[in-house]
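First to last, the protein sequences are chains A and B. For the first sequence, the residue numbers in this note's numbering are 174 to 183. For the second sequence, the residue numbers in this note's numbering are 3 to 215.
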Amino acid sequence: TGTERSKDEL
Amino acid sequence: MNIFRLLGDLSHLASILILLHKIQTTRSCRGISFKTQALYVTVFVTRYLDIFTDWVSLYNFTMKIFFIASTCYILYLMKMKYRPTHDPSIDTFRVEYLLGPCALLALLFHYRFTVLEVLWSFSIFLESVAILPQLFMLQRTGEAETITTHYLAALGAYRALYIPNWIYRYFTESGQIDPIAVTAGLVQTALYLDFFYVYFTKVLQGQKFELPA
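So, in structure tokens, the structure goes:
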């Protein structure tokens, strides 16, 4: 579990 | 990649193609907010700076380049080629009211305090409100060409589809969540609700898009 940005999203 | 993500991205792609088609076939950018398009260029350029630092996939890279290039091309069409068809006097939303607060929010909320990450955060916040000059213009004129409403519907669908994508990812990627993107995404989708209501009750029933006086 965690919070981070999803680098694959546009 | 899941089905919601893919359909969302394709819908985003479609929205830009619809907009280009509208401008080219009617040889006019009437009804399109230059300010919204300029905000989208800002969004894409500040968000996709990571093409120089992170390689995700060919799909990811190609889409990023396409979004930057196509939106810049739309600005060119509006400012140069079809300039006489663009009426700045109805495109009057004050974008500084969007840029300022988004910059502030990005300084307050980000995942790491680096130039790239703060700009990414800024782009997420700015994207959530970038459609406002366009919706404001629509509200002012009270009507829109059908093709313009298809453009807006595809753009709204893209955002709406990202929501089930996040829910799906939350359950399949062991509770992974991106609170900045999710919050901004929910706000952005909410901004389309009024538009969607008129789109579904009028345009899809074959009527013209007209707002009640």
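We treat Cβ as the ideally placed atom computed from N, Cα and C, and that holds for glycine.
Query, Result
"Determine, for W122(B), whether the minimum Cβ-Cβ distance to residues of chain A falls below 8 Å.", "yes"
"Taking the Cβ atom as the reference point for each residue, do Y201(B) and T151(B) lie within a distance shorter than 8 Å?", "yes"
"Using DSSP with H/G/I as helix, E/B as strand and the rest coil, what is E212(B)?", "strand"
"Taking C-beta to C-beta, are I76(B) and L21(B) nearer than 8 Å?", "yes"
"Output yes or no for whether 8 Å exceeds the beta carbon distance between F68(B) and L137(B).", "no"
"Per DSSP, what are the beta-bridge partners of A146(B) in this structure?", "F211(B)"
"Is there contact between the stretch 122-131 of chain B and the stretch 179-195 of chain B, where contact requires at least three CB pairs shorter than 8 Å?", "yes"
"Measuring only between beta-carbons, confirm whether I179(B) sits less than 8 Å from chain A.", "yes"
"Could you give the distance in angstroms between the alpha-carbon of Y113(B) and the alpha-carbon of L51(B)?", "16 Å"
"Around the C-beta of Q39(B), are 16 or more other C-beta atoms found within 10 angstroms, so that it is buried, or is it exposed?", "buried"
"Which of the three DSSP states, helix, strand or coil, is assigned to I133(B)?", "coil"
"Under the three-state reduction of DSSP, which class applies to T27(B): helix, strand or coil?", "helix"
"To the nearest angstrom, how far is the alpha carbon of V131(B) from that of R96(B)?", "12 Å"
"Can L213(B) be considered in contact with the ligand ATP, in the sense that its beta carbon sits closer than 7 Å to one or more heavy atoms?", "Here there are no bound small molecules, and the ligand ATP is not part of this structure."
"Residues of chain A with a CB under 8 Å from the CB of M65(B): which are they?", "L183"
"I want to see whether chain D comes within less than 8 Å of Y194(B), judged by CB atoms only; does it?", "Here the protein chains are A and B, and chain D is not one of them."
"Determine whether the Cβ of A183(B) lies closer than 8 Å to any Cβ atom of chain A.", "yes"
"I want to verify the contact list: residues of chain A whose CB lies under 9 Å from the CB of N4(B), in sequence order.", "None at all; the shortest Cβ gap to chain A is about 11 Å."
"May I have the straight-line CA-CA distance separating I53(B) from K66(B), to the nearest angstrom?", "8 Å"
"By the criterion of Cβ-Cβ separation under 7 Å, what are the contact partners of V45(B) in chain A?", "Per Cβ cutoff of 7 Å: no residues; V45(B) is ~11 Å from chain A at best."
"Thinking E145(B) and L213(B) are a contact (beta carbons under 8 Å), I'd like their distance in whole angstroms, please.", "7 Å"
"Who are the neighbours of V58(B) on chain A, taking C-beta pairs under 7 Å?", "K180, D181"
"Comparing C-alpha positions only, which one of P166(B), E147(B), Q209(B) sits nearest to K24(B)?", "E147(B)"
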